[in-house]
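Student: Sequence order for the protein chains is G and V. The numbering of the first sequence is the numbering used here, which starts it at 1 and goes up by one. The numbering of the second sequence is the numbering used here, which starts it at 1001 and goes up by one. Beta carbons: idealized from backbone N, C-alpha and C, even for Gly. Mind looking over this structure? Questions follow.
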Amino acid sequence: MKTVEEIKAAIEAAVPGAVVTFVPNPSPSAQHSLRLEPSSAVRVAEFLRDDPDLAFDYLSNATGVDWPDKEIAEKVKVTREVKKAVDGVEQTVEETVEETRKRVEPGCLEAVYHLYSVSKKHGPLVIRMKTANRTDQVELPSLTTVWRSAEFQEREIFDLYGIAFKGHRDLRRLLMWDGFKDHPMRRDYVEPDDFEYEPTAHDAVLKRAQEHKNRDQGAGIREQG
Amino acid sequence: MSGVETKTERTAGWNRPPVIVPTGEGELLELSMGPHHPSTHGVFRMDLTLDGERVVRLRPYFGYLHRNHEKLAEGQTYLASMPYTDRLDYICPLTNNWAYALAVEKLEGIAVPERAEYIRVILGELTRFQNHASSIGFLVQEMGASGTPLMYAFREREKILDLFEELTGARMMCNYMRFGGCRVDITESWLEKTRKVVAGLPGFVDEYEALLASNEILMARCQGIGVLSPELAVNAGVTGPMLRASGINYDIRKVDHYGIYDRFQFRVPLGEHWDVYDRYMVRMLEMRESLRILEQALKEVPGGPIIDPKAKLRGFRPKPGEAYGRIEAPKGELGFYLISDGSPNPYRYRVRPPSLINLTILEDMCLGLNVADVLVIFGSVDIVLGEVDR
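Structure (structure tokens):
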């Protein structure tokens, strides 16, 4: 198999306008990855599948990763003017102070795909895409049109991470039920205190039964307890 | 399918199953099958839309057994997830252990001693054997052979589970593999028992084959049913015996040579007709190939340590990075994707479940067939809901 850098060069030569970034992996596994821009991702994916040398015809694994907002504390050297009494006379002196500044690095959601080639028997190639943020811009293009095996896996990512895949033919929750609101695999997900309670269609029935019990009951209805 | 003409067309790309045009006679019937249907292998539900007896739409529903295995694993140390992997595909706990151990070994760059590799291969192939035997049993049970072939398979599975119990202390929840090796060493008496059991297994396969292979009902119900074309199988990520039954020569034991599989001689059985009968036959032949590997591996197990002395069990903190490790589990490609941020817990822990992804094309295979065929096709996929729903 070509190295990941060579594949990157091949993509850039073949797909006009494709922006691909190399993401190194320091682990001994040395599975480096390529980050695709969402705008050109589908075209790049089609190239990876159809190119006779690469022939990544098999998408093995698709999954999400949550990168929450990170607060980074940095030590910055700041020069500022301080009024100081020097030799009894008040003067303005420049002074360099170290200051700890906190900045928030905005988080994102990431979709990671592991590709193999069944015909050439090589792999894996890891490709990844990032959303703009974690709240309102969580759209990524769906790769189901290129590899059908993304169908359930992208549904699972949508379910557990909340990435909305544009172009997916049937984007519903896969594992949680349809009325569920949150995305449990996100790192800031808070488990509910009460696992037992779960609104069901039977809530209305229960309420009606309660009302029925309290009503002045006539003949034919047995007294409860 | 005879007598009814089905009109199917494949829309552009692979992302849609073919469209079945109803005959227009009578109304369509919605049928919800499961989650407590006897032949859904646990809690799986599918909504069928029927035109008479013909299936025109099939929608699978998952999640009845969902406990968010991945979230649980991200909240605890690497080692603490090992017993949980047993519960994924609970028919084959040892291959689940192996896949997870392999992924962590890739992440941290741990080498496995030769003796441990031999033990892993022996246990892995025993697992594959008993999985295929019982999955064929379940398949024929779907066709109404209530129990007999399944009990034949369970009789042999019992012997293999006894071996697991003696070695690991548990019949199904083995929790046996460790990063860089295995938990306890095998003894000479265990090896002797295993050799004895393995020597008896070819007789069982012969008996099983004589019982089933040319059975008229089995042939009538399986041949030409649930055809899956190789192009679609690859594109839909189908793996394991299902992929090979569609004629694709792709066995991760041969492709990746993980462990010490390059030392053993075995063949990869392939299907020709891509139907349920081929899937049955591929599993049957794979059982024989597993026995061949077992005979070679059991001949002489080298001595030495069973775990890498440098591998840390307590206080294990892999360096930041990520790794994807996969093995050829009995049901298909079982992969683990791990991201480490240097802490004792994995930052991301993902299981690639072969059972779930093999179900992607269930609708494609069932459209235009009868309800009774759906059960047979579903049985031929060979799933375990513990792994599908995680």
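Count the other CB atoms, across all protein chains shown, that sit within 10 Å of the CB of Pro16 of chain G; report buried if there are 16 or more and exposed otherwise.
Tutor: The residue labelled residue 16 of chain G in the question sits at position 16 within the first sequence. Counting Cβ neighbours within 10 Å, Pro16 of chain G comes out exposed, since fewer than 16 surround it.
Student: Determine the chain G residues that contact Val1104 of chain V at a beta-carbon separation under 9 Å, and present them in chain order.
Tutor: For this step, residue 1104 of chain V is matched to residue 104 along the second sequence. None at all; the shortest Cβ gap to chain G is about 10 Å.
Student: Have a look at the DSSP bridge pairing and note the partners of Ile1327 of chain V.
Tutor: The residue labelled residue 1327 of chain V in the question sits at position 327 within the second sequence. According to DSSP, Ile1327 of chain V bridges with V:Leu1334.
Student: With 8 Å set as the bound, which would you pick, yes or no: does the beta-carbon of Leu1334 of chain V sit closer than that to a beta-carbon of chain G?
Tutor: Position 334 of the second sequence, counting from 1, holds the residue named residue 1334 of chain V. With 8 Å as the cut-off, Leu1334 of chain V does not count as an interface residue toward chain G.
Student: Check whether the stretch 163-180 of chain G and the stretch 140-148 of chain G touch, using three or more Cβ-Cβ pairs below 8 Å as the test.
Tutor: Cβ pair count under 8 Å is three or more, so yes.
Student: Output yes if chain G places a C-beta closer than 8 Å to the C-beta of Gly1259 of chain V; else output no.
Tutor: As a working mapping, residue 1259 of chain V is identified with position 259 in the second sequence. Not an interface residue.
Student: May I have the straight-line CA-CA distance separating Met1284 of chain V from Glu12 of chain G, to the nearest angstrom?
Tutor: Translated into the one-based positions of the second sequence, residue 1284 of chain V becomes position 284. Translated into the one-based positions of the first sequence, residue 12 of chain G becomes position 12. Taking the straight line joining both Cα atoms gives about 47 Å.
Student: So Tyr1084 of chain V packs on Thr63 of chain G, CB below 8 Å; how close in whole Å?
Tutor: Numbered from its first residue, the second sequence carries residue 1084 of chain V at position 84. Numbered from its first residue, the first sequence carries residue 63 of chain G at position 63. Their Cβ separation, rounded to whole angstroms, is 18 Å, which puts Tyr1084 of chain V and Thr63 of chain G out of contact at 8 Å.
Student: So is Pro1241 of chain V in contact with chain G if we call contact Cβ pairs under 8 Å?
Tutor: As a working note, residue 1241 of chain V is residue 241 in the second sequence. With 8 Å as the cut-off, Pro1241 of chain V does not count as an interface residue toward chain G.
Student: Can you check whether the CB of Trp1098 of chain V is closer than 8 Å to the CB of Ile1327 of chain V?
Tutor: Against the second sequence, residue 1327 of chain V aligns to sequence position 327. Against the second sequence, residue 1098 of chain V aligns to sequence position 98. Contact: yes.
Student: Look at the alpha carbon of Leu1375 of chain V and the alpha carbon of Ser1039 of chain V, and state the distance between them as a whole number of angstroms.
Tutor: Here the question's residue 1375 of chain V lines up with position 375 in the second sequence. Here the question's residue 1039 of chain V lines up with position 39 in the second sequence. Whole-angstrom Cα-Cα distance: 7 Å.
Student: Measuring alpha carbon to alpha carbon, tell me which of V:Phe1179, V:Leu1201, V:Glu1142 ends up nearest Glu1158 of chain V.
Tutor: Indexing the second sequence from 1 puts residue 1158 of chain V at position 158. It is V:Leu1201 whose Cα lies nearest to the Cα of Glu1158 of chain V.
Student: Would you list, in chain order, the members of the stretch 1174-1186 of chain V that have their beta-carbon closer than 7 Å to a beta-carbon of chain G?
Tutor: From the stretch 1174-1186 of chain V, no residue has a Cβ closer than 7 Å to chain G.
Student: Say whether chain G places a C-beta atom closer than 8 Å to the C-beta of Thr1360 of chain V.
Tutor: Working through the second sequence from its first residue, we reach residue 1360 of chain V at position 360. For Thr1360 of chain V, the answer is yes, since a Cβ of chain G falls inside 8 Å of its Cβ.
Student: Once the 5 residues before and after Ser1380 of chain V are set aside, which same chain residues still bring their CB inside 8 Å of it?
Tutor: Counting from one through the second sequence, the residue named residue 1380 of chain V turns up at place 380. So the list reads Leu1139, Cys1222, Gly1226, Met1242, Val1276, Arg1279, Tyr1280, once near-sequence residues are dropped.
Student: Around the Cβ of Arg1390 of chain V, are there at least 16 other Cβ atoms within 10 angstroms (buried) or fewer (exposed)?
Tutor: Stepping through the second sequence from its first residue, residue 1390 of chain V is reached at position 390. Its Cβ being crowded by 16 or more others within 10 Å, Arg1390 of chain V is buried.
Student: Where does Ala73 of chain G fall in DSSP's three states?
Tutor: The residue labelled residue 73 of chain G in the question sits at position 73 within the first sequence. Of the three classes helix, strand and coil, the one that applies to Ala73 of chain G here is strand, per DSSP.
Student: So, is Asp203 of chain G buried or exposed, given that buried needs 16 or more other C-beta atoms within 10 angstroms?
Tutor: The residue labelled residue 203 of chain G in the question sits at position 203 within the first sequence. That one is exposed.
Student: Could you tell me the alpha carbon to alpha carbon distance between Ala41 of chain G and Val126 of chain G, rounded to whole angstroms?
Tutor: Sequence index remark: in the first sequence, residue 41 of chain G carries index 41 (1-based). Sequence index remark: in the first sequence, residue 126 of chain G carries index 126 (1-based). Each residue's Cα considered, the two are about 13 Å apart.
Student: Across which residues does DSSP place His122 of chain G in a beta bridge pair?
Tutor: In the first sequence, the residue the question calls residue 122 of chain G occupies position 122. According to DSSP, His122 of chain G bridges with G:Ser117.
Student: Where does Pro141 of chain G sit, in a helix, a strand or coil, going by DSSP?
Tutor: By one-based count along the first sequence, residue 141 of chain G stands at place 141. Strand.
Student: Between Asp57 of chain G and chain V, is there a C-beta pair that is closer than 8 Å?
Tutor: Position 57 of the first sequence, counting from 1, holds the residue named residue 57 of chain G. Closer than 8 Å: yes.
Student: Is Thr92 of chain G close to chain V? Criterion is C-beta to C-beta, closer than 8 Å.
Tutor: Along the first sequence, read from residue 1 onward, the residue named residue 92 of chain G stands at position 92. Taking Cβ atoms only, chain V never reaches closer than 8 Å to Thr92 of chain G, which makes this a no.
Student: Comparing alpha-carbon positions, which option in G:Glu139, G:Val97, G:Leu175 lies nearest Glu81 of chain G?
Tutor: Counting from one through the first sequence, the residue named residue 81 of chain G turns up at place 81. That would be G:Val97, whose Cα lies nearest to the Cα of Glu81 of chain G.
Student: Between which residues of its own chain and Glu1005 of chain V is the CB-CB distance below 7 Å, once the five residues before and five after are set aside?
Tutor: Counting from one through the second sequence, the residue named residue 1005 of chain V turns up at place 5. With a pLDDT of only 40 at Glu1005 of chain V, under the threshold of 50, the placement of this residue in the model should not be trusted, and no figure is reported.
Student: Name the chain G residues whose beta carbon is nearer than 9 Å to that of Arg1391 of chain V?
Tutor: Residue 1391 of chain V lies beyond the stretch modelled for chain V, which goes from 1001 to 1390, so this question has no answer here.
Student: Rounded to the nearest angstrom, what separates Pro1305 of chain V and Trp1190 of chain V at their Cα positions?
Tutor: Within the second sequence, numbered from 1, the residue matching residue 1305 of chain V stands at position 305. Within the second sequence, numbered from 1, the residue matching residue 1190 of chain V stands at position 190. One C-alpha to the other measures close to 17 Å.
Student: For Ala111 of chain G and Met129 of chain G, I'd like the C-alpha separation in whole angstroms.
Tutor: Translated into the one-based positions of the first sequence, residue 111 of chain G becomes position 111. Translated into the one-based positions of the first sequence, residue 129 of chain G becomes position 129. When rounded, the distance between both Cα atoms is 5 Å.
Student: DSSP has Gly1181 of chain V in a bridge; who is on the other side?
Tutor: Residue 1181 of chain V sits at position 181 when you count from the first residue of the second sequence. According to DSSP, which records beta bridges pairwise, Gly1181 of chain V is partnered with V:Arg1178, V:Ile1307.
Student: I want to know whether the stretch 51-65 of chain G touches the stretch 21-31 of chain G - three or more CB-CB distances under 8 Å.
Tutor: No, the stretch 51-65 of chain G is not in contact with the stretch 21-31 of chain G.
Student: On the DSSP letters alone, give me the boundaries of the beta strand (DSSP E) that Ala164 of chain G sits inside.
Tutor: The residue given as residue 164 of chain G occupies position 164 in the first sequence. Segment 164-166, the beta strand (DSSP E) holding Ala164 of chain G.
Student: Compare the C-alpha of Phe1154 of chain V against each of V:Pro1113, V:Gly1042, V:Gln1130, V:Gly1224 and name the closest.
Tutor: Residue numbering aside, residue 1154 of chain V sits at position 154 when the second sequence is read from its first letter. With distances taken between Cα atoms, Phe1154 of chain V lies closest to V:Gln1130.
Student: Using the beta-carbon of each residue, which ones in chain V are nearer than 8 Å to Phe22 of chain G?
Tutor: Translated into positions along the first sequence, residue 22 of chain G becomes position 22. In chain order: nothing, as chain V lies at least about 15 Å away.
Student: Is there a Cβ from chain G that is less than 8 Å from the Cβ of Lys1312 of chain V?
Tutor: Walking along the second sequence from the start, residue 1312 of chain V turns up at place 312. Chain G, which has no Cβ nearer than 8 Å to the Cβ of Lys1312 of chain V, makes this no.
Student: Starting from the C-beta of Ala1012 of chain V, find all residues in its chain whose C-beta is less than 7 Å away, skip the five residues before and the five after it, and write them out in chain order.
Tutor: Here residue 1012 of chain V is taken as the residue at index 12 of the second sequence, counted from 1. Because Ala1012 of chain V carries a pLDDT of 44, less than 50, the predicted location of this residue cannot be relied on, and the following value inherits that uncertainty. Once the five neighbours on either side are set aside, Ala1012 of chain V has no close Cβ partner at all.
Student: Give me whichever residues DSSP pairs with Thr96 of chain G in a beta bridge.
Tutor: Within the first sequence, the letter at position 96 stands for residue 96 of chain G. In DSSP, Thr96 of chain G forms a bridge with G:Thr79.
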